[in-house]
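Everything in the sequence shown is counted per my numbering, starting at 5 for the first residue and increasing by one.
C-beta: ideal position from N, C-alpha, C; glycine also.
Inspection log for the structure reproduced underneath, given as structure tokens.
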Amino acid sequence: MNISNFNLLWTFGQPAGGKYPVPRLSRSLITAADAFRSSTTRRTVTMTTFEDILEEAGKFGRSQMRIVSTFCLVSIPFSFIYVGIVFQGFTPEHWCHDPVVTEIRERCGWSLQDARRATVPLMNSSTGVTYSQCQRLEVDWNATGLTCDYPESELFQAPMTGCTDGWEYDYEGRQSFVTEFDLVCADAWYVDMFQATLSVGFLVGSIAIGYLADKYGRMKSFLMTNFFIAVTGILVATSPNYIALLVFRVLFGFGVKGGWMVGYVLITELVGVEYRRMVGVTYQMVFSLGLLILPLLAYFIPNWRWLQVVFTIPYICFLTYYWFIPESPRWLLSQNKRNEALEITKAIAKENKKTLSKIIETLTDENTDSTSTASFMDLFKTSKLRKYTFILSFNWFTSAVVYQGLIMRLGILGGNVYVDFLISAIVELPAAFLILITIERIGRRLPFATANIVAGAACLITAFIPDSMFWLKSAVACVGRLGITMAFEMVVFVNTELYPTVIRNLGVSVCSTLCDIGGIVAPFLLYRLAVIWLELPLIIFGALAFVAGGLVLLLPETKGVPLPETIDDIECPNRNRETQLKSQQLENLLPSDVTKNKDVTAV
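Here it is as structure tokens:
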């Protein structure tokens with residue numbers, strides 16, 4: 005280093021026996037340098053952070069691996085609940101029930117299909133000519149003199165009426181809440197409410213439980229939430245009527261999403277900074293593993309109530325975490341519970357076979373001196389922040405609508421829902437690996453935009469592929485599922501990298517609420533539009549994904565860019581880099597030059 009860059013004065017003297025002059029620093033300059041070094045040392049001693057201690061305890065050792073792998077299990081039942089409507093809300097073939105025809109069927113030995121032909125008229129629909137599901141022939145069976153070998157042509161002249169006596173279902177070995185509560189025809193939109201109420205619970209719970217986790221601790225909130233989930237989950241399974249089911253479903257969703265988010269926060273707080281993204285992606289990838297298990301459970305447990313019980317049992321098991329999962333040391337430090345944080349950190353170091361030095365005696369919370377005055381309006385304070393907030397919110401919304409829509413669509417296609425669901429779930433697994441490969445080599449923006457555009461294109465193409473080309477249609481749909489899965493996982497960390505520290509948590513919370521709003525909209529969008537034309541929802545999904553991908557291209561690239569600290573850093577990103585570089589030079593280079601020069605002598 006050239007010390008003249010700092011305008012230091014040099015004097016020259018001749019040491020005994022020396023031939024060439026040796027530079028000497030003036031005594032006043034030496035004193036100033038010592039004072040700087042002393043103040044720097046004091047600042048270092050008093051500002052030892054948890055990140056410094058984690059360097060010694062192990063940033064991702066055996067202890068963190070155990071805790072992360074244990075908490076990743078939480079994502080499995082969360083996936084069951086998130087898309088369980090495909091099996092719990094399955095709507096089989098149905099038609100109007102006629103009590104007289106039921107008697108005739110029993111007497112004559114007719115099959116359900118024979119009875120349907122005697123009861124239900126043929127209708128034109130978007131899928132062709134089919135039997136009506138909401139009307140039946142109004143026949144005076146006593147006047148017809150109908151025999152077991154009835155002439156069908158005579159019945160088709162009868163007028164039509166509604167399903168006043170209920171419905172017959174071709175159960176296919178399954179019983180859903182749709183068949184139990186007769187949620188078909190005019191009441192079919194109640195099925196949409198089953199998923200929408202879950203998302204309402206997600207929306208409220210993620211905010212409320214997030215607050216509780218900050219106030220009372222991660223593990224306390226996690227355990228209380230799981231107890232709440234266990235109770236409400238059983239209430240859902242034993243609901244006496246559909247209104248009660250919807251109420252309990254809201255409460256169930258309130259706990260499920262909040263508990264999942266608390267687990268995400270806790271595992272990222274226990275590992276080093278460089279491992280957080282890997283841990284976060286893994287946590288979400290296990291969600292896809294749950295999707296592989298779900299169709300197997302649904303196949304062997306065909307009753308929706310018992311399936312709900314199975315969804316709930318893991319949350320009872322998670323209560324055992326009380327005995328072997330510690331509280332977050334970072335949270336304890338933020339609450340000035342230093343001794344408890346040290347005990348947990350020592351236990352982590354011991355399990356990692358590491359030894360902590362005496363720097364733990366100076367441990368402080370890196371955030372104790374910072375104050376947050378973030379407000380909702382800060383997200384719209386500047387033109388760039390307004391742009392970021394709008395684009396990210398739209399992407400959260402789109403990801404939720406398209407992702408949930410594509411999954412729920414599997415339940416209304418009429419094929420083998422178990423096989424179709426399993427194949428589409430397998431497609432999700434490469435998403436996490438593709439993200440990890442591309443974001444560090446290419447960046448964030450281009451893969452994020454490409455994932456959305458690929459999903460949009462696949463949805464539009466799938467809509468116009470004829471049903472006769474089944475495998476091609478399924479393959480293209482799976483590509484769309486892969487694309488939207490990548491987009492959904494990427495929006496999480498792109499959101500955190502774009503907002504400055506002072507409003508980062510607020511920004512992620514506000515934008516991600518659009519995810520739950522998308523979850524409320526998705527079932528209505530899918531099921532109601534599919535009544536008009538089965539492929540119409542795909543057109544909407546494709547358009548949304550295309551727009552989302554185009555908007556992502558308007559965002560800046562964040563690969564290799566320091567995280568912004570203030571709102572000013574958003575408007576002047578280059579200044580943020582220059583400031584960090586100067587700070588590093590002033591704090592690191594000057595002390596090292598002074599202390600490492602063994603030949604410097606005082607005048």
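Asked, Found
"Any 3 or more C-beta pairs closer than 8 Å across the region 429 to 439 and the region 549 to 562", "no"
"Which of helix, strand or coil DSSP assigns to Asn230", "helix"
"Collapsed DSSP secondary structure at Leu33 in the structure displayed", "Low local confidence applies: a pLDDT of 43 at Leu33 is under 50, so the model's placement there is unreliable, with the coordinate-based value given in what follows. Helix, per DSSP."
"Exposed unless 16 or more other CB atoms sit within 10 angstroms - verdict on Cys321", "exposed"
"Leu542 in three-state terms, based on DSSP", "helix"
"For Pro541 and Met127, the rounded distance between their alpha carbons", "23 Å"
"7 Å Cβ shell around Tyr319 - same chain, five flanking residues per side excluded", "Pro81, Asn230, Ile233, Ala234 and Gly237"
"Neighbour-count burial assignment, Val49, 16 or more Cβ in a 10 Å radius", "Its pLDDT being 45, under 50, Val49 is placed unreliably in this model, and the value from its coordinates should be taken loosely. Exposed, because fewer than 16 other Cβ atoms sit within 10 Å of the Cβ of Val49."
"Own chain, CB closer than 6 Å to Gln68, minus 5 neighbours either side, in chain order", "Leu274 and Val275"
"Backbone secondary structure at Met473 - three-state DSSP", "coil"
"Residue range of the beta strand (DSSP E) that includes Trp171", "Trp171 to Tyr173"
"DSSP three-state assignment for Gln139, whether helix, strand or coil", "strand"
"Beta bridge counterpart(s) of Thr165 as assigned by DSSP", "Arg140"
"Backbone CA spacing between Leu389 and Val498 [nearest angstrom]", "14 Å"
"Cβ-Cβ distance between Ala302 and Tyr422 below 8 Å", "yes"
"Proximity to Lys387 [Cα-Cα], best of Thr442, Leu559 and Met490", "Per the sequence shown, the amino acid found at residue 387 is Ser instead of Lys. That would be Leu559, whose Cα lies nearest to the Cα of Ser387."
"Inter-residue Cα distance where the pair is Tyr268 and Leu311", "26 Å"
"According to DSSP, residues forming a beta bridge with His98", "Tyr173"
"Touch test, the region 76 to 95 against the region 291 to 298, Cβ-Cβ under 8 Å, three pairs minimum", "yes"
"Bounding residues of the alpha helix (DSSP H) (the contiguous stretch that carries Cys76)", "Arg66 to Cys76"
"Start-to-end residues for the alpha helix (DSSP H) that takes in Arg449", "Arg449 to Phe468"
"Residue of Tyr326, Leu502 and Ala122 minimising C-alpha distance to Val143", "Ala122"
"Cα-Cα separation between Arg334 and Ala351, rounded to whole angstroms", "15 Å"
"Burial state of Asp196, where buried means 16 or more other Cβ atoms lie within 10 Å", "buried"
"Environment of Met490 [buried if 16+ CB atoms lie within 10 Å]", "buried"
"Anticipated Cβ contact below 8 Å, Val204 with Val254, distance rounded", "6 Å"
"Cβ-Cβ separation, Arg140 to Cys76 (assumed contact under 8 Å), whole Å", "That pair is no contact at about 51 Å."
"C-alpha gap between Gly418 and Phe425, whole angstroms", "12 Å"
"Same chain, Cβ closer than 6 Å to Thr201, neighbours up to 5 away in sequence not counted", "Leu250, Arg253 and Val254"
"Cys463 vs Phe545 beta-carbon contact at 8 Å", "yes"
"Cβ distance (whole Å) where Tyr173 is taken to contact Pro103 below 8 Å", "That pair is no contact at about 16 Å."
"Length-filtered (4 minimum) alpha helix (DSSP H) runs lying within the region 184 to 228", "193 to 220"
"Pro566: CB within 7 Å of a non-hydrogen atom of the ligand ADP", "Looking at this structure, you won't find the ligand ADP or any other ligand, since it has none at all."
"Reduced DSSP category for Gln339 - H, G, I as helix; E, B as strand; rest coil", "coil"
"Cut-off 7 Å between Cβ atoms - residues of its own chain near Val283, not counting five sequence neighbours on either side", "Val72, Ile271, Thr272 and Val275"
"Span of the alpha helix (DSSP H) around Lys388", "Ser387 to Arg413"
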